[in-house]
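> As given, the protein sequences belong to chains S and V, one line each in that order.
Read in order, the letters of the first sequence are residues 1399 to 1633 in the numbering used here.
Read in order, the letters of the second sequence are residues 1399 to 1633 in the numbering used here.
For glycine and all other residues, C-beta sits at the position ideal for the given N, C-alpha and C.
Can you read through this structure? Questions will come right after.
There are 2 protein chains.
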Amino acid sequence: MPFTYDYPHPAVAADIAVFTLRRGALNVLLIERGEPPHKGAWALPGGFLQPDEELDDCARRELLEETGVDAELLLHFGNFSAPDRDPRERVISVAYLALLPSDELRLEASTDAAQARWFPVDDLPPLAFDHDEILGRALGALSSQARRISPLFALLPGRFTLSQLQGAYEAVIGEDAEKRNFRKMVSALECVRETDDFAHGAHRPARLYEPAAAWINPGRDTGRTSATPPSGARS
Amino acid sequence: MPFTYDYPHPAVAADIAVFTLRRGALNVLLIERGEPPHKGAWALPGGFLQPDEELDDCARRELLEETGVDAELLLHFGNFSAPDRDPRERVISVAYLALLPSDELRLEASTDAAQARWFPVDDLPPLAFDHDEILGRALGALSSQARRISPLFALLPGRFTLSQLQGAYEAVIGEDAEKRNFRKMVSALECVRETDDFAHGAHRPARLYEPAAAWINPGRDTGRTSATPPSGARS
DNA sequence: TTACTTAGTGTAGTCAACACACGAACATGC
DNA sequence: GCATGTTCGTGTGTTGACTACACTAAGTAA
C-alpha cells in the first residue's frame, strides 16, 4: 500500500436489500426517491458511511433510520463501483441484504424518501441507479444462504411451525419442497428445537419450534481456519 | 440515499492475497513495507482506488504493478472498515484473492516495498495492519472456491496432469484426496478436456489435460436468476 | 356427528460419495 | 537387455444421502 495518496476519495455508501415475507411471497423494501437524481424512481434504502463507523454498522444504522427496524441478519454480498453509477459524485456502494419478520411492517419514509413500500420480487418497478443489478445479486446471495435454513429464522417470528419454515424456504429458493424431505433436512441440521406449545388455527394444531442456540448469527464457513487439522497434506 | 453528504470521504484501497503453489505447498505473496507505518513489517500487496477505476480493475492493476503478473482469478471476498485500521487516515480495504501459476515467480518489489517474498501459509510472519485477519478470511474463501475445481486452473500451467490438479486441490483444501474419487469428481464436473500429449518424468508419463472452454472466469452461482423456473411456488 | 383441512410420520429406490487393489507404462541402474 | 522401482490409470462393492411417495392423527367448523 503506497504511503502517499494524492487522488480524491470516493464517497462510500451502504445499500440494503431488505426482504420479508408477505402473504407467503418474498418482498423487498423500496423507497421512492424524493430528490434528484432519479426523483420519483424506486430505489433500495441506503446511505453514506460516517467517519467513525464500520460498514456493517452503517448498513444497520441506515436500515434502522430509514425503516425503523433492527435487522437480525445483515449480510454483505458485494461492492458496486462503476465510476458513473451516481451522477452527483463517485459513490462506492457496499451492498447488504437484510431479513425481517413479516409482522414488523412499520414503514416510516425518511426525509429524502417520498414513500417506502414493499414489492414482491416477482413484480418490481424500474429501479434508480444500478439498483436492479444490486437487487439481482442480492436475490442470488439470499437463495444460497437460505439453503442453510438458519438464516430464514430472521424472516419468521421467534417461534414458528415447520410449515411456516418450509413456506419461507420455498419463497426464498423459488421452488417447492417435499414436506417429509424438508423436515428430514431440518432435523439433520439440528438448527431448531421443539417447544411444548402449539399454533392453533382452523385445523389440527402444529407444534411450535424455535431456533436452536448458536444458530443466531452463524459465521461464514471459514474452511481451513475452523476445520479439523489436515490429515497429512502438510509436510 | 441522502442527496447531501457532509462527511469526509474515506480512502478506498484494494488489498490482494496472492496465492501460488511452491513445491506443492500453498504460498502467499507478501511485501516488506519500506515506509511507516509498520515499516519493516510484512503486508499484503495493495493500493488505492483511482478516480475512474472500478474496484476489480484497481485490484488487478495494483497486482500487476506490484508483482508484474496478471492474475487469472481475482475474487472479492470481503471489506475491512475498522475506523482505526490504518493510522494515517481512514482506509476502507476491499479485499481480493488471486491465484498465480507456480512458474510465474518474477517478483519485483515496487518503490514503497523493501522486498516481496513468498511465504508458506503455514509459516507466516506477523503482518501489518489487520492483514492477518484479511489473510485468514482469504484462506477460508479460497478453500470454498477450490471445491469447484475450476478456480485451481489458475494455479497450474496451461496444461497439467490430473496428479498436478489433485496436488493443487489438496494444497488449497488442506486435506488429502483419494485418487480415483478425485478423478471421478473431475470427470463428473466436465471442466477439463484431455489432450493427446503426455508429461514425461522419471516414470510412467501422465496424460496432459487442459481447462474445458467456458470454465475460465466462472460466474458466481446466482440462484434464482440462473436457475430453472420455479415449479409452482409463485402465484 | 360428520366433513374437512392441515399436521405429522416411514419406506423403498436411486444416485453420489467413499474405500479399496491391481495391471500398465516408462525410466533408471545394474 | 533385464530387473526394479515409481507413478499412471482404471473398476467394483459398500455405504450413506437424497428423492419420491401415501396414509393416519388431530383439531375446527358446520
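Tell me whether residue 1564(S) sits in a helix, a strand or coil according to DSSP, three-state version.
Working through the first sequence from its first residue, we reach residue 1564(S) at position 166. Three-state DSSP puts residue 1564(S) in a helix.
> Using CA coordinates, which residue listed in 1581(S), 1583(S) and 1605(S) is at the minimum distance from residue 1592(S)?
Here residue 1592(S) is taken as the residue at index 194 of the first sequence, counted from 1. Taking only the C-alpha atoms, the option nearest residue 1592(S) is 1605(S).
> To be precise: take each residue of the segment 1405-1427 of chain V, compare its Cβ to all Cβ atoms of chain S, and keep it if any distance is under 8 Å. Which residues remain?
Within the segment 1405-1427 of chain V, the qualifying residues are 1405, 1406, 1407, 1408, 1409, 1410, 1411, 1413, 1422 and 1423.
> Let me make sure I understand the geometry here. Which of 1459(V), 1569(V), 1421(V) and 1408(V) has the alpha-carbon closest to that of residue 1450(S)?
Residue mapping note: residue 1450(S) aligns to position 52 of the first sequence, counting from 1. Among 1459(V), 1569(V), 1421(V) and 1408(V), the Cα nearest to that of residue 1450(S) is on 1408(V).
> Shorter than 7 Å from the beta carbon of residue 1576(V) to some beta carbon of chain S?
Reading the second sequence from its first residue, position 178 is the one you call residue 1576(V). By this cut-off, residue 1576(V) is not an interface position.
> Can you grab the Cα-Cα spacing for the pair residue 1513(V) / residue 1430(V), in whole Å?
To locate residue 1513(V), count along the second sequence from 1; it is residue 115. To locate residue 1430(V), count along the second sequence from 1; it is residue 32. Straight-line Cα distance between these residues: approximately 5 Å.
> Are any of the Cβ atoms in chain S nearer than 7 Å to that of residue 1449(V)?
Here residue 1449(V) corresponds to residue number 51 of the second sequence, with the count starting at 1. With 7 Å as the cut-off, residue 1449(V) counts as an interface residue toward chain S.
> Is it buried or exposed, residue 1488(V), if we count other Cβ atoms within 10 angstroms and call 16 or more buried?
Residue 1488(V) sits at position 90 when you count from the first residue of the second sequence. Counting Cβ neighbours within 10 Å, residue 1488(V) comes out buried, since at least 16 surround it.
> Please state the DSSP three-state secondary structure of residue 1432(S).
Locating residue 1432(S) in the first sequence gives position 34, where the first residue counts as 1. Looking at residue 1432(S) - three-state DSSP - the assignment turns out to be coil, as it is neither helix nor strand.
> How is residue 1452(V) classed by DSSP in three states: helix, strand or coil?
Position 54 of the second sequence, counting from 1, holds the residue named residue 1452(V). The answer is coil: DSSP assigns residue 1452(V) none of H, G, I, E or B.
> Report the CB separation of residue 1426(S) from residue 1533(S) in whole angstroms; it is logged as a contact under 8 Å.
Here residue 1426(S) refers to the residue found at position 28 when the first sequence is read from its first residue. Here residue 1533(S) refers to the residue found at position 135 when the first sequence is read from its first residue. Residue 1426(S) to residue 1533(S), Cβ: 7 Å. Contact.
> Cβ of residue 1431(V) within 6 Å of any heavy atom in the ligand ADP?
The ligand ADP is not among the ligands present in this structure, which contains no ligands whatsoever.
> Bridge partners for residue 1490(S) per DSSP, in chain order?
Along the first sequence, one-based indexing puts residue 1490(S) at 92. BP columns for residue 1490(S) point to 1410(S).
> Taking DSSP as the reference, what is the three-state secondary structure of residue 1540(S)?
Here residue 1540(S) refers to the residue found at position 142 when the first sequence is read from its first residue. Here residue 1540(S) sits in helix by DSSP.
> So residue 1412(S) and residue 1526(S) are in contact, right, with Cβ under 8 Å, and what is the actual spacing, rounded?
What you label residue 1412(S) is simply residue 14 of the first sequence in a count that begins at 1. What you label residue 1526(S) is simply residue 128 of the first sequence in a count that begins at 1. About 16 Å; that fails the 8 Å criterion.
> Is there at least one Cβ from chain V nearer than 7 Å to residue 1588(S)'s Cβ?
Taking the first residue of the first sequence as 1, we reach residue 1588(S) at position 190. Chain V, which has no Cβ nearer than 7 Å to the Cβ of residue 1588(S), makes this no.
> Using a Cβ-Cβ distance cut-off of 7 Å, determine whether residue 1481(V) contacts chain S.
Here the question's residue 1481(V) lines up with position 83 in the second sequence. Chain S contact via Cβ: present.
> With distance defined between alpha-carbon atoms, name the residue in 1473(V), 1482(V) and 1500(V) nearest to residue 1492(V).
Along the second sequence, read from residue 1 onward, the residue named residue 1492(V) stands at position 94. The residue with the shortest Cα to Cα distance from residue 1492(V) is 1473(V).
> Listing by chain order, which chain S residues have their CB less than 9 Å from the CB of residue 1459(V)?
Within the second sequence, the letter at position 61 stands for residue 1459(V). Ordered by position in chain S, no residue passes the 9 Å Cβ test against residue 1459(V), which lies about 12 Å from the chain.
> Does the segment 1453-1471 of chain S come within contact of the segment 1558-1570 of chain S, defined as at least 3 CB pairs closer than 8 Å?
These segments do not touch.
> In chain order, which beta strand (DSSP E) runs of at least 3 residues are fully inside the segment 1544-1605 of chain S?
For the segment 1544-1605 of chain S, whole beta strand (DSSP E) runs of length 3 or above, ordered along the chain, are 1590-1597.
> Mind checking whether residue 1497(V) and residue 1547(V) have CB atoms under 7 Å apart?
One-based indexing of the second sequence puts residue 1497(V) at position 99. One-based indexing of the second sequence puts residue 1547(V) at position 149. For residue 1497(V) and residue 1547(V), no; Cβs fall outside 7 Å.
> I need the straight-line Cα distance from residue 1454(V) to residue 1557(S), nearest angstrom please.
Counting from 1 along the second sequence, the entry for residue 1454(V) is found at position 56. Counting from 1 along the first sequence, the entry for residue 1557(S) is found at position 159. Cα-Cα distance, rounded: 42 Å.
> Does the distance from the C-beta atom of residue 1414(S) to that of residue 1457(S) stay below 7 Å?
Against the first sequence, residue 1414(S) aligns to sequence position 16. Against the first sequence, residue 1457(S) aligns to sequence position 59. Yes, they are a contact pair.
> Closest to residue 1518(V) by CA distance: which of 1543(V), 1461(V) and 1570(V) is it?
Along the second sequence, read from residue 1 onward, the residue named residue 1518(V) stands at position 120. When only C-alpha atoms are compared, the closest one is 1570(V).
> Nearest CA to the CA of residue 1419(V): which residue from 1550(V), 1575(V) and 1597(V)?
Within the second sequence, the letter at position 21 stands for residue 1419(V). Out of 1550(V), 1575(V) and 1597(V), 1550(V) has the C-alpha closest to the C-alpha of residue 1419(V).
> Using a Cβ cut-off of 7 Å, pull out every chain S residue sitting near residue 1601(V), in sequence order please.
Locating residue 1601(V) in the second sequence gives position 203, counting from the first residue. Neighbours of residue 1601(V) on chain S: none; closest Cβ ~21 Å, over 7 Å.
> Taking the straight line between their C-alpha atoms, what separation do you get for residue 1559(V) and residue 1545(V)?
On the second sequence, position 161 is the one that residue 1559(V) refers to. On the second sequence, position 147 is the one that residue 1545(V) refers to. Cα to Cα, residue 1559(V) sits roughly 18 Å from residue 1545(V).
> Starting from residue 1492(S), find everything on chain V with Cβ-Cβ shorter than 7 Å and list it in chain order.
Here residue 1492(S) refers to the residue found at position 94 when the first sequence is read from its first residue. Under the 7 Å cutoff, chain V gives 1477.
> List the residues that DSSP assigns as beta-bridge partners of residue 1474(S).
Within the first sequence, numbered from 1, the residue matching residue 1474(S) stands at position 76. Partner(s): 1494(S).
> Who are residue 1439(V)'s beta bridge partners in DSSP?
In the second sequence, counting from the first residue as 1, residue 1439(V) sits at position 41. For residue 1439(V), which the question treats as bridged, DSSP gives no partner whatsoever.
> Using a C-beta to C-beta distance shorter than 9 Å, which residues of chain S count as neighbours of residue 1453(V)?
Translated into positions along the second sequence, residue 1453(V) becomes position 55. Within chain S, the residues near residue 1453(V) are 1477, 1478, 1479 and 1490.
> Could you give the distance in angstroms between the alpha-carbon of residue 1573(V) and the alpha-carbon of residue 1423(V)?
Translated into positions along the second sequence, residue 1573(V) becomes position 175. Translated into positions along the second sequence, residue 1423(V) becomes position 25. When rounded, the distance between both Cα atoms is 12 Å.
> Which whole-angstrom value is the C-beta distance of residue 1528(V) and residue 1483(V), which I expect to be below 8 Å?
For the purposes of this step, residue 1528(V) is taken as residue 130 along the second sequence, with counting starting at 1. For the purposes of this step, residue 1483(V) is taken as residue 85 along the second sequence, with counting starting at 1. Residue 1528(V) to residue 1483(V), Cβ: 5 Å. Contact.
> So the candidates are 1448(V), 1479(V), 1486(V) and 1460(V); which of them puts its Cα closest to the Cα of residue 1479(S)?
Counting from one through the first sequence, the residue named residue 1479(S) turns up at place 81. Nearest option by C-alpha distance: 1448(V).
> Give the residues of chain V in contact with residue 1474(S), contact being defined as C-beta atoms less than 8 Å apart.
Locating residue 1474(S) in the first sequence gives position 76, where the first residue counts as 1. Here the neighbours are 1476 and 1477.
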